[in-house]
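2 protein chains.
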Amino acid sequence: MGEATGPDFRPLYSQIKALLTQRLAAGEWPPGQALPSETALAQEYGVSQGTLRKALNEMEAERLVDRRQGKGTFAAKHSAARSLFQFFLLVGENGERQLPESRTLECSAGKATRDEQEVLELDAGATVTRIMRVRHLKGRPVICERITVSTALFPDLQRCTAGEVTNTLYDMYEGRYGVTVVRARERLRAVAASEREAELLELSTGAPLLEIHRVAFNINKHPVELRISHCSTAHHYYLSELD
Amino acid sequence: MGEATGPDFRPLYSQIKALLTQRLAAGEWPPGQALPSETALAQEYGVSQGTLRKALNEMEAERLVDRRQGKGTFAAKHSAARSLFQFFLLVGENGERQLPESRTLECSAGKATRDEQEVLELDAGATVTRIMRVRHLKGRPVICERITVSTALFPDLQRCTAGEVTNTLYDMYEGRYGVTVVRARERLRAVAASEREAELLELSTGAPLLEIHRVAFNINKHPVELRISHCSTAHHYYLSELD
DNA sequence: GAGTGGTCTAGACCACGGG
DNA sequence: CCGTGGTCTAGACCACTCT
């Protein structure tokens, strides 16, 4: 009957899900790799295939795994599609989606501010790496953003961001640091463009910008990145589906 | 084996779901009313309880029905909680949620503009009812919004919005007109406050405001309301969960 | 106690992907 | 061809709600 770790009064499938998520977070199946089949896992845990299926289906709904008939179940992996549809909600007038190109302005390390420390749940005095960049859509500068991550979690990020341009930052977090971003919380406000932002985005000072304050979380629900973006919404809008 | 209406190559549970949704949309079970039990419906359609359960569970995920152990399955009904958590995403600094009070400024009927006609999928020359109102949170004026609906779908809305203040507009759509809003799409931009908005919201002209362009849909996926809100984000932010 | 939805099981068959 | 996940079934038992 496959005893777990102790008495647990949640449904079986929910316990199985927690165990599988734990193994996933521990790196037992790196992003993109196949998990054992349903039947194998069911046998391993001593439960029916139906129970195991319910656990895996919920994990798929949370985008922790990818399931495909005839192929198998795979640990979630970042892709351009995922960045585009899950994490980049600024779309063009006609609704078309496109990932922006990025130009890094600055990249430096320093002591976390009180705000950064709290949001990223860091120890007092921890070192963070900050990236300032401008992002372009169809040749136009549209976004001005400042990204903050823990230097301990992402060492040498400065050097990495210099050369590579092809992939998104989240691809790099996953590929080079083994950190997969699965969820994010965004807080939106309207703000006035500062003098510098106005210059970078080719607008006038005081022009209204959409501020996106994003905290990104890894599979363990720990915050791993703080990103504050100021976006010109002259030719784009932020799409939010309420359902 | 319970023939449906014709040859259909989707999975059984998906066909059942479509049939149940259709009956729900037709008003067979008004908001809040109980549907027959799983066993009864399974027998009616000649499928197993498991298949029927899968259909109902998906409908619950889409918030078309409410299911509670020991009680039954109920047609979705609007509630303060639903308005608050599904449709009102402007929250206070400390993350607390609260529904705003509304003060109607104007309410009039007229010919739909080209934009309104397209968004609401109306015939050319259709009549619409428009409401202008200011909404307050904790005594402060925070939102300035213009609402447009089809007059044919919501007759006499002008008279209705005059007196009643207790409930939300969506409660009224449901209670008086039998229209349940189940989904919405919002497009967000940063805009500058007009002179009038600045006055109403007690800000200076040109101050940055968050524009929310919302289209609300009924259970049949038809657009039933257009709402453009201009929000002061001095003491509130728009919360968007990306998962 | 009777009735509801929730969990769990075991097994059959189907659809898909790849050798 | 085999192995994978997807569908469908039938039945047992549990947890919750109301009378």
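From first to last, the protein sequence lines stand for chains S and C.
Going letter by letter, the first sequence gives residues 1053 to 1295 in our numbering.
Going letter by letter, the second sequence gives residues 1053 to 1295 in our numbering.
Beta carbons: idealized from backbone N, C-alpha and C, even for Gly.
{"Item": "Sort 1243(S), 1158(S) and 1181(S) by Cα distance to residue 1169(S) and report the nearest one.", "Value": "1181(S)"}
{"Item": "Taking any Cβ of chain C, which residues in the stretch 1191–1209 of chain S have a Cβ under 7 Å from it, in chain order?", "Value": "none"}
{"Item": "Under the criterion of a Cβ to heavy atom distance below 7 Å, does residue 1222(S) qualify as lining the ligand FAD?", "Value": "Absent from the structure shown: the ligand FAD. Ligands present: none."}
{"Item": "Can you find the residues in the same chain that come closer than 7 Å, C-beta to C-beta, to residue 1189(S), ignoring five residues on each side of it along the sequence?", "Value": "1150, 1152 and 1288"}
{"Item": "Looking only at its own chain, which residues have a Cβ that is under 8 Å from the Cβ of residue 1053(S), when we skip the five neighbours before and after it?", "Value": "Here the model assigns residue 1053(S) a pLDDT of 38, short of 50, so the residue's position is not dependable and the matter cannot be decided."}
{"Item": "Does any CB atom of chain C fall closer than 8 Å to the CB of residue 1243(S)?", "Value": "yes"}
{"Item": "Sorted by chain position, which residues of the same chain lie with C-beta nearer than 8 Å to residue 1234(S)'s C-beta, five sequence neighbours on each side aside?", "Value": "1114, 1115, 1116, 1128, 1269, 1270 and 1271"}
{"Item": "Within the same chain, show all residues whose beta-carbon is closer than 6 Å to that of residue 1136(S), passing over the 5 residues directly before and after it, in chain order.", "Value": "1149 and 1151"}
{"Item": "Identify the continuous alpha helix (DSSP H) that holds residue 1009(S) and give its terminal residues.", "Value": "Outside the displayed span of chain S (1053 to 1295) sits residue 1009(S), for which this structure offers no information."}
{"Item": "Please determine, among 1074(C), 1112(C) and 1124(C), the residue with the shortest C-alpha to C-alpha distance to residue 1087(C).", "Value": "1124(C)"}
{"Item": "Do we get a CB-CB distance below 8 Å when we pair residue 1258(C) with the residues of chain S?", "Value": "yes"}
{"Item": "Taking only three categories from DSSP, how would you classify residue 1291(C)?", "Value": "strand"}
{"Item": "Here's the rule I'm using: 16 or more other beta-carbon atoms within 10 Å means buried, otherwise exposed. How should residue 1206(S) be labelled?", "Value": "buried"}
{"Item": "Counting only runs of 4+ residues fully inside the stretch 1151–1239 of chain S, write out the alpha helix (DSSP H) ranges in chain order.", "Value": "1166–1171, 1209–1215 and 1221–1229"}
{"Item": "Give every residue of the same chain whose Cβ lies closer than 8 Å to the Cβ of residue 1073(S), excluding the five residues on either side of it in the sequence, and list them in chain order.", "Value": "1111, 1116 and 1271"}
{"Item": "Which chain S residues sit within Cβ distance under 7 Å of residue 1091(C)?", "Value": "Here the premise fails: no neighbours, minimum Cβ distance about 19 Å."}
{"Item": "Would you list the one or two residues that DSSP bridges to residue 1280(C)?", "Value": "1198(C) and 1265(C)"}
{"Item": "Within 10 Å of its beta-carbon, does residue 1174(C) have 16 or more other beta-carbons around it, so buried, or fewer, so exposed?", "Value": "buried"}
{"Item": "With DSSP as the reference, identify every bridge partner of residue 1285(S), one or two as the case may be.", "Value": "Looking at the DSSP assignment, residue 1285(S) forms no beta bridge with any residue, so it has no partner."}
{"Item": "Starting from residue 1165(C), find everything on chain S with Cβ-Cβ shorter than 7 Å and list it in chain order.", "Value": "Neighbours of residue 1165(C) on chain S: none; closest Cβ ~18 Å, over 7 Å."}
{"Item": "Who pairs with residue 1125(C) in a beta bridge, going by DSSP?", "Value": "1119(C)"}
{"Item": "Taking its Cβ as the centre, do 16 or more other Cβ atoms sit within 10 Å of residue 1063(C), making it buried, or is it exposed?", "Value": "exposed"}
{"Item": "Would residue 1280(S) pass as an interface residue toward chain C - the criterion being a Cβ-Cβ separation below 8 Å?", "Value": "no"}
{"Item": "Excluding the 5 residues preceding and the 5 following residue 1076(S) in the sequence, name in chain order all residues of the same chain whose CB lies nearer than 7 Å to its CB.", "Value": "1116, 1127 and 1271"}
{"Item": "Can residue 1242(C) and residue 1242(S) be called in contact, C-beta distance under 8 Å?", "Value": "yes"}
{"Item": "Using CA coordinates, which residue listed in 1210(C), 1248(C), 1222(C) and 1226(C) is at the minimum distance from residue 1195(C)?", "Value": "1248(C)"}
{"Item": "What residue from 1225(S), 1160(S) and 1177(S) has the CA that sits closest to residue 1166(S)'s CA?", "Value": "1177(S)"}
{"Item": "Listing by chain order, which chain S residues have their CB less than 7 Å from the CB of residue 1285(C)?", "Value": "1241 and 1242"}
{"Item": "Hey, does residue 1097(C) have any beta-carbon neighbour from chain S nearer than 8 Å?", "Value": "no"}
{"Item": "Relative to the C-alpha of residue 1090(S), which residue among 1083(S), 1107(S), 1084(S) and 1081(S) is closest?", "Value": "1107(S)"}
{"Item": "Apart from the five residues just before and just after residue 1055(S), which ones in its own chain have a Cβ nearer than 7 Å to its Cβ?", "Value": "Below a pLDDT of 50, predicted positions are generally treated as unreliable, and residue 1055(S), at 36, falls in that range; no measurement from the model is reported."}
{"Item": "Am I right that residue 1199(S) and residue 1134(S) are in contact with their C-beta atoms under 8 Å? What's the rounded C-beta distance?", "Value": "With 8 Å as the limit, residue 1199(S) and residue 1134(S) do not qualify as a contact, their Cβ atoms being about 18 Å apart."}
{"Item": "Determine, for residue 1139(C), whether the minimum Cβ-Cβ distance to residues of chain S falls below 8 Å.", "Value": "yes"}
{"Item": "How would you list, in chain order, the residues of chain S whose beta-carbon sits under 8 Å from the beta-carbon of residue 1237(C)?", "Value": "1291, 1292, 1293 and 1294"}
{"Item": "Once DSSP output is grouped into helix, strand and coil, what is the label at residue 1315(C)?", "Value": "Missing from the structure shown is residue 1315(C); chain C here goes from 1053 to 1295 and no further."}
{"Item": "What does the alpha-carbon distance come out to for the pair residue 1143(C) and residue 1286(C)?", "Value": "11 Å"}
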